[in-house]
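One point on numbering: in numbering that gives the first Met the number 0, the residue at position 276 of the sequence shown is 275, and numbering is uninterrupted. Glycine residues also receive a C-beta, built at the ideal position from the N, C-alpha and C atoms.
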Amino acid sequence: MIVLFLLMCIADGVVSQIRYSVPEEAGHGTFVGNIAEDLGLDMTKIASRRFQVVPSSRTPYLEVNMENGILFINEKIDREQICKQSASCLLHLEVFLENPLELFRVEIEVVDINDNPPSFPETDITVEISESAVPGTRFPLESAFDPDVGSNALRTYDITTNNYFYLDVQTQTDGNKFAELVLEKSLDREQQASHRYVLTAVDGGQPPRTGTALLVVKVLDSNDNVPVFDQPVYSVSLQENTPAGTLVIQLNATDLDEGQNGEIVYSFSNHISSRVKDLFAIDARTGRIEVRSEVDFEESSLYQIFVQAKDLGPNAVAAHCKVLVKIMDVNDNAPDITFSTVTESVSERAAPGTVIALLSVTDKDAEENGKIHVEILGDVPFKLKPSFRNYFTIVTDGPLNRENADSYSVTVVARDTGTPSLATSKSIKVQVSDENDNAPTFTQPIYDVYVTENNVPGAYIHAVTALDPDVGQNALISYSIMECDIQGMSVKTYVSINEETGYLYALRSFDYEQLKDFTFMVQAKDAGSPELFSNATVKVIIVDQNDNPPSVIAPLGKNGTAREPLPRSAEPGYLVTRIIAMDADDGENARLSYSIQRGNENGMFRMDWRTGELRTARRVSTKRDPNQMYDLLIEVRDHGQPPLSSTASVFVVLVDSVVEDHRERGTAKSKETSLDLTLILIIALGSVSFIFLLAMIVLAVRCQKDKKLNIYTCLTSDCCLGCATCCSRHARARKKKLSKSDIMLVQSANVTGAGTAQVPVEESGSFGSHHQNQNYCYQTKHQRAELSYLVDRPRRVNSSAFQEADLVSSKDSGHGDSEQGDSDHDATNRGHSAGTDLFSNCTEECKALGHSDRCWMPSFVPSDGRQAADYRSNLHVPGMDSVPDTERGKGFASSFRVDIPETV
Numbered sequence: 000m001i002v003l004f005l006l007m008c009i010a011d012g013v014v015s016q017i018r019y020s021v022p023e024e025a026g027h028g029t030f031v032g033n034i035a036e037d038l039g040l041d042m043t044k045i046a047s048r049r050f051q052v053v054p055s056s057r058t059p060y061l062e063v064n065m066e067n068g069i070l071f072i073n074e075k076i077d078r079e080q081i082c083k084q085s086a087s088c089l090l091h092l093e094v095f096l097e098n099p100l101e102l103f104r105v106e107i108e109v110v111d112i113n114d115n116p117p118s119f120p121e122t123d124i125t126v127e128i129s130e131s132a133v134p135g136t137r138f139p140l141e142s143a144f145d146p147d148v149g150s151n152a153l154r155t156y157d158i159t160t161n162n163y164f165y166l167d168v169q170t171q172t173d174g175n176k177f178a179e180l181v182l183e184k185s186l187d188r189e190q191q192a193s194h195r196y197v198l199t200a201v202d203g204g205q206p207p208r209t210g211t212a213l214l215v216v217k218v219l220d221s222n223d224n225v226p227v228f229d230q231p232v233y234s235v236s237l238q239e240n241t242p243a244g245t246l247v248i249q250l251n252a253t254d255l256d257e258g259q260n261g262e263i264v265y266s267f268s269n270h271i272s273s274r275v276k277d278l279f280a281i282d283a284r285t286g287r288i289e290v291r292s293e294v295d296f297e298e299s300s301l302y303q304i305f306v307q308a309k310d311l312g313p314n315a316v317a318a319h320c321k322v323l324v325k326i327m328d329v330n331d332n333a334p335d336i337t338f339s340t341v342t343e344s345v346s347e348r349a350a351p352g353t354v355i356a357l358l359s360v361t362d363k364d365a366e367e368n369g370k371i372h373v374e375i376l377g378d379v380p381f382k383l384k385p386s387f388r389n390y391f392t393i394v395t396d397g398p399l400n401r402e403n404a405d406s407y408s409v410t411v412v413a414r415d416t417g418t419p420s421l422a423t424s425k426s427i428k429v430q431v432s433d434e435n436d437n438a439p440t441f442t443q444p445i446y447d448v449y450v451t452e453n454n455v456p457g458a459y460i461h462a463v464t465a466l467d468p469d470v471g472q473n474a475l476i477s478y479s480i481m482e483c484d485i486q487g488m489s490v491k492t493y494v495s496i497n498e499e500t501g502y503l504y505a506l507r508s509f510d511y512e513q514l515k516d517f518t519f520m521v522q523a524k525d526a527g528s529p530e531l532f533s534n535a536t537v538k539v540i541i542v543d544q545n546d547n548p549p550s551v552i553a554p555l556g557k558n559g560t561a562r563e564p565l566p567r568s569a570e571p572g573y574l575v576t577r578i579i580a581m582d583a584d585d586g587e588n589a590r591l592s593y594s595i596q597r598g599n600e601n602g603m604f605r606m607d608w609r610t611g612e613l614r615t616a617r618r619v620s621t622k623r624d625p626n627q628m629y630d631l632l633i634e635v636r637d638h639g640q641p642p643l644s645s646t647a648s649v650f651v652v653l654v655d656s657v658v659e660d661h662r663e664r665g666t667a668k669s670k671e672t673s674l675d676l677t678l679i680l681i682i683a684l685g686s687v688s689f690i691f692l693l694a695m696i697v698l699a700v701r702c703q704k705d706k707k708l709n710i711y712t713c714l715t716s717d718c719c720l721g722c723a724t725c726c727s728r729h730a731r732a733r734k735k736k737l738s739k740s741d742i743m744l745v746q747s748a749n750v751t752g753a754g755t756a757q758v759p760v761e762e763s764g765s766f767g768s769h770h771q772n773q774n775y776c777y778q779t780k781h782q783r784a785e786l787s788y789l790v791d792r793p794r795r796v797n798s799s800a801f802q803e804a805d806l807v808s809s810k811d812s813g814h815g816d817s818e819q820g821d822s823d824h825d826a827t828n829r830g831h832s833a834g835t836d837l838f839s840n841c842t843e844e845c846k847a848l849g850h851s852d853r854c855w856m857p858s859f860v861p862s863d864g865r866q867a868a869d870y871r872s873n874l875h876v877p878g879m880d881s882v883p884d885t886e887r888g889k890g891f892a893s894s895f896r897v898d899i900p901e902t903v
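This is the structure we're talking about:
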């Protein structure tokens with residue numbers, strides 16, 4: 000399948016052309032040919048002579064092994080995609096050798112294979128034919144399309160055998176085939192209204208491929224006359240780039256009928272290509288064909304337009320004609336110059352004839368418009384040398400001297416011979432290299448770099464630049480920082496440099512208050528042989544930024560507030576105090592001003608904005624100055640941008656004299672000492688209460704196990720009627736923290752003949768962190784009596800009783816058990832004294848269970864001398880459901896209520 004053609008010709012250099020052919024759809028790696036071997040090249044010198052492909056001729060479908068010259072398929076080739084339906088499909092490749100220059104042109108013909116069957120644009124084709132149509136009438140059918148070419152292209156059409164029609168296959172001027180349906184026998188619509196046949200398109204491949212469509216012929220009633228064109232074929236010429244709307248041709252068809260049967264409508268035939276429809280348009284009423292979009296000669300030089308004319312009568316029969324549009328070329332494409340390879344530099348010792356560049360020149364226009372003349376502009380030591388076909392080389396035309404010129408701009412101009420003539424120019428830069436005889440030189444010996452403090456690490460701060468008159472590697476400069484120490488650390492931890500550009504970067508955020516400036520050296524070194532270098536000094540100066548607010552250092556006070564005395568007898572201008580502040584910044588950023596921001600509404604004081612002195616603005620007046628103290632807020636602001644400020648709080652106290660103020664300050668210090676002792680006591684009592692809570696939990700567990708004790712406790716928050724009733728209301732109970740200090744004994748309102756009296760009983764300490772619902776219910780035991788508490792003895796209630804209760808409560812251990820030495824134990828012991836003692840009737844039940852709270856509560860005796868019932872049956876918590884008197888028990892002369900504050 001691969002065919003080799005070798006052509007040899009001799010010019011100024013050896014130039015050859017070789018041709019291969021390869022079938023399409025060949026896979027990756029398919030061998031095409033050995034270029035080096037087929038050209039008879041010395042395989043041992045391929046590498047030394049730099050065997051290579053011209054870059055501009057590279058194609059993704061082919062690849063050449065530069066070591067052995069083998070040409071192979073790199074990517075599968077689809078001929079229909081690359082060359083469409085062109086009869087010839089060629090891929091071009093140019094290769095060349097150096098020392099001396101030899102250029103070879105390789106043509107690869109992609110051979111078509113029958114890989115595509117013909118296909119119709121529609122699977123169903125409908126043709127309407129009047130029954131009056133005479134035998135021999137032709138009806139063009141939609142053409143099938145086969146992307147293959149040559150013998151594999153569409154060859155013929157076939158139709159199902161019948162008695163009415165046959166196919167006449169015709170060939171267009173461009174080689175495409177189309178079929179016409181020819182009526183062989185008259186139709187009778189009354190006998191058969193439609194005919195169905197299979198239309199088959201067959202290509203010429205081996206084996207042949209086919210495509211089919213269903214042909215439906217509808218028989219219509221007759222229309223006597225059909226439209227007739229003046230001529231069957233029209234020929235017109237049209238210049239490319241003709242604007243849209245330009246008239247191509249005015250068609251005219253006549254119909255002998257009258258009315259609707261004689262009114263003609265023009266349209267393109269069904270088998271016209273879609274590209275023609277894009278480029279041209281036809282007016283349905285007038286038959287005027289116009290340009291729709293720009294026509295390009297380089298795309299196609301000839302277009303065939305098939306037009307049909309049909310009247311508007313019933314069973315209309317269409318008449319057909321063909322319009323050939325020949326596109327005339329205009330000189331609308333300038334020559335194109337493509338440089339395949341360019342030498343970046345040439346030595347001044349290069350001999351005349353040294354190749355500098357390889358270029359090609361093309362023009363898409365034809366004939367005279369495509370003929371090109373190429374030349375080099377200007378007086379330069381280079382010339383053009385024709386190479387092969389449209390290829391040229393630029394070579395040196397004399398000795399070069401870099402001392403006179405270190406580079407040349409070579410401009411190539413290509414001009415065609417069309418009218419008007421079009422030209423294109425392209426320039427290349429040719430550098431002349433020399434020896435490395437110049438060291439890099441900095442643009443200045445010392446660089447002063449100003450960097451604002453608080454910079455972002457990694458930020459660009461400056462650039463150093465060195466120049467080298469050499470070229471190429473000899474002028475390739477690299478920058479570096481010479482090692483030195485700054486504040487005991489390497490300079491490379493402070494700054495870095497881009498070795499290619501000389502850009503300096505800060506590696507850390509500088510602080511003006513710590514480092515104001517530092518100096519280091521940079522070095523510029525070229526890449527020549529031998530290497531040459533030079534040094535420069537860089538001084539980095541840190542610029543202060545307003546990043547520190549003022550700091551007030553005097554007067555000092557506790558918790559940031561200073562206390563200053565002011566005698567009532569002070570005269571205007573009396574110096575109360577002086578605000579002293581400092582700012583770590585420098586310059587304007589550290590220049591401070593002082594002002595009063597708050598507390599001087601009555602104009603008592605004035606502030607010197609420069610010195611910070613606080614003085615009285617007038618005398619102290621009893622009427623205007625009723626306050627004993629002035630709370631002044633002083634602001635200290637610097638003059639930076641933006642300004643920063645700080646404030647100081649000064650309490651100015653009116654005193655009779657300065658000595659009195661000193662005594663007041665001594666008293667305040669003693670109060671502060673007393674507050675500190677109080678804080679210690681509070682912490683101690685809190686600890687004791689926590690231990691008491693733990694003891695209560697242990698006792699509760701023990702009580703559950705003791706079945707002999709008939710004491711029930713139900714924790715709810717809304718009632719105190721009994722354990723069963725309270726527990727049923729647990730769902731809506733409010734959680735409260737209850738401590739002894741929250742309990743007050745209050746005489747209930749149901750006491751007959753007695754007023755309501757509240758008897759607060761205080762106790763330091765609390766129950767600790769007791770998070771259960773503080774709801775207490777006590778079961779009344781009438782067989783036991785408590786000590787009486789006489790209502791008619793308020794002295795005892797107001798003095799001794801509650802003093803003793805306070806004393807006992809403050810000694811409570813918090814454990815619940817009455818131990819030796821704590822309040823519970825003491826209260827129990829005191830219960831054995833006189834009957835009027837406060838805790839003389841603490842029950843055995845309390846002692847057994849350790850319920851010191853019961854012993855802590857005093858009993859109540861009504862004024863008539865009768866002993867009251869157990870006070871627990873009259874316990875009432877405000878905010879909870881009230882308990883009817885009938886449920887509290889009978890036989891009670893008076894009762895008490897325990898008020899628990901909402902917030903504990």
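What does the Cβ neighbour count give for residue i, buried or exposed, with the cut at 16 atoms within 10 Å?
{"i": "P117", "result": "buried"}
{"i": "E445", "result": "As written in the sequence, residue 445 is Ile, which differs from the Glu given in the question. That one is exposed."}
{"i": "K184", "result": "exposed"}
{"i": "A200", "result": "buried"}
{"i": "V133", "result": "exposed"}
{"i": "C483", "result": "exposed"}
{"i": "M42", "result": "exposed"}
{"i": "G68", "result": "buried"}
{"i": "L466", "result": "exposed"}
Is DSSP giving residue i helix, strand or coil here?
{"i": "Q249", "result": "strand"}
{"i": "A349", "result": "coil"}
{"i": "S359", "result": "strand"}
{"i": "G32", "result": "strand"}
{"i": "M520", "result": "strand"}
{"i": "V450", "result": "strand"}
{"i": "P139", "result": "strand"}
{"i": "R567", "result": "coil"}
Going by DSSP, name the residue or residues bridged to residue i.
{"i": "D630", "result": "F650"}
{"i": "Q169", "result": "F177"}
{"i": "G210", "result": "A200"}
{"i": "A561", "result": "V649"}
CA-CA distance, residue i and residue j?
{"i": "R795", "j": "T677", "result": "Bear in mind that a pLDDT of 34 at R795, under 50, signals an unreliable position, so the model cannot answer this."}
{"i": "E343", "j": "D77", "result": "38 Å"}
{"i": "N115", "j": "Y156", "result": "16 Å"}
{"i": "L186", "j": "V218", "result": "7 Å"}
{"i": "F859", "j": "L684", "result": "For F859, the predicted model reports a pLDDT of 38, less than 50, meaning its position is unreliable; a value from the coordinates is still stated below. Spanning the two alpha carbons is a distance of roughly 29 Å."}
{"i": "S131", "j": "A317", "result": "13 Å"}
Beta-carbon within less than 7 Å of residue i's beta-carbon, same chain only, minus the 5 sequence neighbours each way: which residues are those?
{"i": "F532", "result": "A438, P439, Q522, A523 and K524"}
{"i": "A333", "result": "L421, A422 and T423"}
{"i": "E141", "result": "F119, P120, E121, I124, N269 and H270"}
Could you pull out every residue in the same chain whose Cβ sits closer than 6 Å to the Cβ of residue i, ignoring the five residues on either side in sequence?
{"i": "D123", "result": "L213"}
{"i": "T751", "result": "Low confidence applies here, because T751 scores a pLDDT of 36, under 50, leaving its location unreliable; read the following figure in that light. Hits under 6 Å: none found."}
{"i": "P207", "result": "V201"}
Looking only at its own chain, which residues have a Cβ that is under 8 Å from the Cβ of residue i, when we skip the five neighbours before and after it?
{"i": "G457", "result": "Y504, A505 and L506"}
{"i": "Q230", "result": "C320"}
{"i": "F604", "result": "V575, I595, L613, R614, T615, A616, Y629, L631 and V651"}
State yes or no: is the beta carbon of residue i nearer than 8 Å to at least one beta carbon in chain B?
{"i": "P554", "result": "You won't find chain B in this structure, because it holds only one protein chain."}
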